[in-house]
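Below: the structure, in structure tokens.
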Amino acid sequence: MSCDYRALANAGVQSLMPYQPGKPVEELERELGIRESIKLASNENPLGPSPRAIQSLGGLLEGLALYPDGGGFALRRRLGEVLGVEPACITLGNGSNDVLELIARAYLSPGRNAVFSAHAFAVYPLVVQAVDAEARVAPANPVDHAMPYGHDLAAMAERVDAHTRVIFVANPNNPTGTWLDGASLKAFIAAQPRETLVVVDEAYFEYVEEAEYPDTTRWLAEFPNLVVTRTFSKIHGLAGLRIGYAVSSPEVADILNRVRQPFNTNTLAQAGALAALEDDAHVRESVRVNREGLAFLTAACRERGLDFIPSVGNFLCIDMGREAGPVYQALLHQGVIVRPVGGGYGLPRHLRVTVGRAHENRRFIDALDQVLGR
Ligand SMILES: *Cc1c(COP(=O)(O)O)cnc(C)c1O
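This note's numbering puts the first residue of the sequence shown at 18, with every later residue one more than the last.
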């Protein structure tokens, strides 16, 4: 007798819709038989990794027979120095995605719930559902709000109850690019029960130049329930290495470190991250290229009468004024890969484009003109 192995899985896993990554260039070129396509679909750094990070990896290949330092001693020590916290406050992850999963695994279970906003990062519902906890999705800001589609902190607070163990706040949020100012976010955290972890996901922290944008790692001493996550995948250009981290109270870090795999971050990732932390010039140049690219893209949208969600990240969510799926497909035929944000993100008329280098941004706009018939 054979069993229905799908039906035997945990209830949450059975109905899980896997994360849809940006389409790889190789896949597109294989499928369409085209060349010289560009990918502006996963918010990767168009300048590539920090040259220092690349250099740091060269001498390590011979050592790959050995297991990595599971505790990530050198990287946690340096991160501690940079952030002004004890290394015991840091949890390393295989990307910050891993850390989000550790949080869910350690603090959520059936009968408990997590609160987050509509149009928030697609990984939150996945990690919550995988452990059979309840996801409470708060409606986002209305379209006519100064921060359209952004997190509505009051609506999120309303959904918190005695069983809420985690609140996910993306600042800035992906895919919308919207952000929360320090005063609002601090008041929100202060008003939450101490039993509820407030996870502030700062994957794009280094890109944000707004004066009122907070560095929430400064608030850790004040809020023992605060967890801040960051990554080397975005501005540091190391998405392929898979490394990110959480900063929290030592108690929370102790718990997260118990549930992670013993060797969840590898030798090359730890070394690359350590070197990238010392490369301020690469970070500054990445911010500059992003600022100019974002200005170009938003101006191009305005000229064409296309609405977009104001963004402080390295991406822009543009309203196609029609169902975006066919536009996405047509752009693929022009060799330009962007990201549809219908299904997982609930924005069926928008496409998210990562800010590239000048020639890539130009190429995207030209392709869009072709596709939209302008
Ligand atoms: C990209 C991203 C992450 C995590 O990426 P990792 O590569 O797993 O570090 C986390 N949160 C948001 C909002 C992101 O956009």
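Glycine included, each C-beta is placed from N, C-alpha and C at the ideal position.
Note that the coordinates shown come from a computational prediction; the quantities given were computed from them, not determined experimentally.
**Q.** N-terminal and C-terminal residue of the beta strand (DSSP E) that Arg380 is part of
**A.** Mapped onto the sequence shown, residue 380 falls at position 363. Looking at the DSSP string, Arg380 is not in any beta strand (DSSP E); the run it does join, the alpha helix (DSSP H), is Ala375 to Leu389.
Q: Run through the stretch 88-143 for me and flag every whole beta strand (DSSP E) of 3 or more residues, listed as ranges in chain order.
A: 107-110 and 130-134
Q.
For a quick check, are the C-beta atoms of Ala384 and Val358 less than 8 angstroms apart?
A. Here the question's residue 384 lines up with position 367 in the sequence shown. Here the question's residue 358 lines up with position 341 in the sequence shown. No; because the gap between Cβ atoms is not below 8 angstroms, this pair is not in contact.
Q) Given a threshold of 16 other Cβ atoms within 10 Å of its Cβ, counted over all protein chains shown, does His253 qualify as buried or as exposed? A) By 1-based counting over the sequence shown, the position of residue 253 is 236. Per the 10 Å Cβ criterion, buried.
Q | Tyr345 to Ser54 span [Cα, whole Å] | A | For the purposes of this step, residue 345 is taken as residue 328 along the sequence shown, with counting starting at 1. For the purposes of this step, residue 54 is taken as residue 37 along the sequence shown, with counting starting at 1. Computed Cα separation, rounded: 14 angstroms.
Q. Is there contact between the stretch 320-335 and the stretch 50-70, where contact requires at least three CB pairs shorter than 8 angstroms?
A. yes
**Q.** C-alpha gap between Ala200 and Gly75, whole angstroms
**A.** In the sequence shown, residue 200 corresponds to position 183, counting from 1. In the sequence shown, residue 75 corresponds to position 58, counting from 1. Cα-Cα distance, rounded: 44 angstroms.
Q) Terminal residues of the continuous alpha helix (DSSP H) containing Arg301? A) Residue mapping note: residue 301 aligns to position 284 of the sequence shown, counting from 1. Taken as a continuous stretch (DSSP letters only), the alpha helix (DSSP H) holding Arg301 covers Asp297 to Glu320.
Q.
At the level of alpha carbons, what is the spacing between Phe381 and Arg369?
A. Looking up residue 381 in the sequence shown gives position 364. Looking up residue 369 in the sequence shown gives position 352. Roughly 12 angstroms between the two C-alpha positions.
Q | Cβ-heavy atom distance, Ala256 to ligand 1, below 7 angstroms | A | Mapped onto the sequence shown, residue 256 falls at position 239. Answer for Ala256: yes, Cβ within range of ligand 1.
**Q.** Endpoints, the alpha helix (DSSP H) within which Asp271 is located
**A.** Numbered from its first residue, the sequence shown carries residue 271 at position 254. Pro267 to Val276 is the span of the alpha helix (DSSP H), which, as asked, contains Asp271.
Q: Name the residue from Leu389, Val216, Asn188 and Val245 whose alpha carbon lies nearest to the alpha carbon of Leu393.
A: Residue 393 is absent from the structure shown; the chain starts at 18 and stops at 391.
**Q.** For Pro357, the three-state DSSP class (helix, strand or coil)
**A.** Looking up residue 357 in the sequence shown gives position 340. Pro357: strand per DSSP, three-state reduction.
Q) Taking the C-alpha atoms as reference points, what is the distance between Leu255 and Ala290? A) As a working note, residue 255 is residue 238 in the sequence shown. As a working note, residue 290 is residue 273 in the sequence shown. Their backbone Cα atoms lie some 8 angstroms apart in a straight line.
Q.
For a minimum of 4 consecutive residues, which ranges assigned as the alpha helix (DSSP H) are wholly contained in the stretch 214-288?
A. 267-276
(Q) Give the residues whose C-beta lies closer than 5 angstroms to at least one heavy atom of ligand 1, in chain order. (A) Gly112, Ser113, Asn114, Phe138, Ala187, Asn191, Asp218, Ala220, Thr248, Ser250 and Gly261
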